[in-house]
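Everything on this sheet refers to the single structure shown next.
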Amino acid sequence: MEIRQKLLGPFKRLSVATKLTEQQLAQALTDEISELEHITVMISGDTIEVSGIIPLTKFGAPRDRSVKISLKPLDITQSQLTFHVIHVFPIDSESFNETYLIRLPYLMYSDRYLTVDLRYHPFFHHSKYRGVRQMKLEAGQVLVYLTT
418 MEIRQKLLGP FKRLSVATKL TEQQLAQALT DEISELEHIT VMISGDTIEV
468 SGIIPLTKFG APRDRSVKIS LKPLDITQSQ LTFHVIHVFP IDSESFNETY
518 LIRLPYLMYS DRYLTVDLRY HPFFHHSKYR GVRQMKLEAG QVLVYLTT
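Per the working numbering, residue 418 is the first one in the sequence shown, and the count goes up by one each step.
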């Protein structure tokens with residue numbers, strides 16, 4: 418029994434690498450956040466910048482409001498990704514961020530940290546991969562290592 422565990426142990430810890438492009442991330446956010454339109458994702462250096470447009474109606478006249486958030490990946494724990502919120506446009510205040518960045522159970526925000534819980538994403542419900550081992554930002558894409 419011990420020999421079997423020693424032989425199969427390393428295979429249980431294998432991970433699969435997958436690339437997510439800026440367009441794929443933008444499409445996933447479009448599907449999840451119905452309030453935003455024209456979502457774009459830009460990956461440069463060690464930051465991810467997400468921008469979009471919120472359609473508003475003020476005094477009966479339609480008016481679009483652009484929004485933008487800059488994130489820096491910090492930590493990965495099994496199925497949770499933690500980002501440092503660098504900048505939020507148009508208003509970068511804690512009350513504004515808490516109002517618009519908390520979307521339970523997917524997103525949690527506290528003290529300039531945004532945590533994304535992937536356990537609630539449909540991909541992880543229908544997949545044998547249950548967590549993220551590592552994440553690297555490259556030019557125009559995110560390289561994600563999934564683990565069982």
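The beta carbon of each residue, even a glycine, is placed where N, CA and C say it ideally should be.
In DSSP terms, what residue i is bridged to
{"i": "residue 466", "result": "459, 487"}
{"i": "residue 527", "result": "530"}
{"i": "residue 471", "result": "482"}
{"i": "residue 545", "result": "Its beta-bridge partners do not exist; DSSP assigns none."}
{"i": "residue 562", "result": "434, 551"}
{"i": "residue 493", "result": "498"}
{"i": "residue 506", "result": "485"}
Residue i and residue j closer than 9 Å at C-beta
{"i": "residue 482", "j": "residue 490", "result": "no"}
{"i": "residue 518", "j": "residue 502", "result": "yes"}
{"i": "residue 432", "j": "residue 558", "result": "no"}
{"i": "residue 533", "j": "residue 498", "result": "yes"}
{"i": "residue 535", "j": "residue 434", "result": "no"}
{"i": "residue 547", "j": "residue 450", "result": "no"}
{"i": "residue 442", "j": "residue 470", "result": "no"}
{"i": "residue 461", "j": "residue 556", "result": "yes"}
{"i": "residue 554", "j": "residue 492", "result": "no"}
Opening and closing residue of the beta strand (DSSP E) in which residue i lies
{"i": "residue 534", "result": "530–534"}
Buried/exposed call for residue i, threshold 16 Cβ in 10 Å
{"i": "residue 500", "result": "buried"}
{"i": "residue 465", "result": "buried"}
{"i": "residue 568", "result": "Because the chain here runs from 418 to 565, residue 568 falls outside it and cannot be looked at."}
{"i": "residue 488", "result": "buried"}
{"i": "residue 458", "result": "buried"}
{"i": "residue 486", "result": "buried"}
{"i": "residue 456", "result": "buried"}
Residue i - containing alpha helix (DSSP H), residue span
{"i": "residue 444", "result": "439–449"}
{"i": "residue 452", "result": "Per DSSP, residue 452 belongs to no alpha helix (DSSP H) and is neither H nor E."}
{"i": "residue 516", "result": "511–518"}
9 Å Cβ cutoff, residue i in contact with chain B
{"i": "residue 476", "result": "Here there is only one protein chain, and chain B is not present."}
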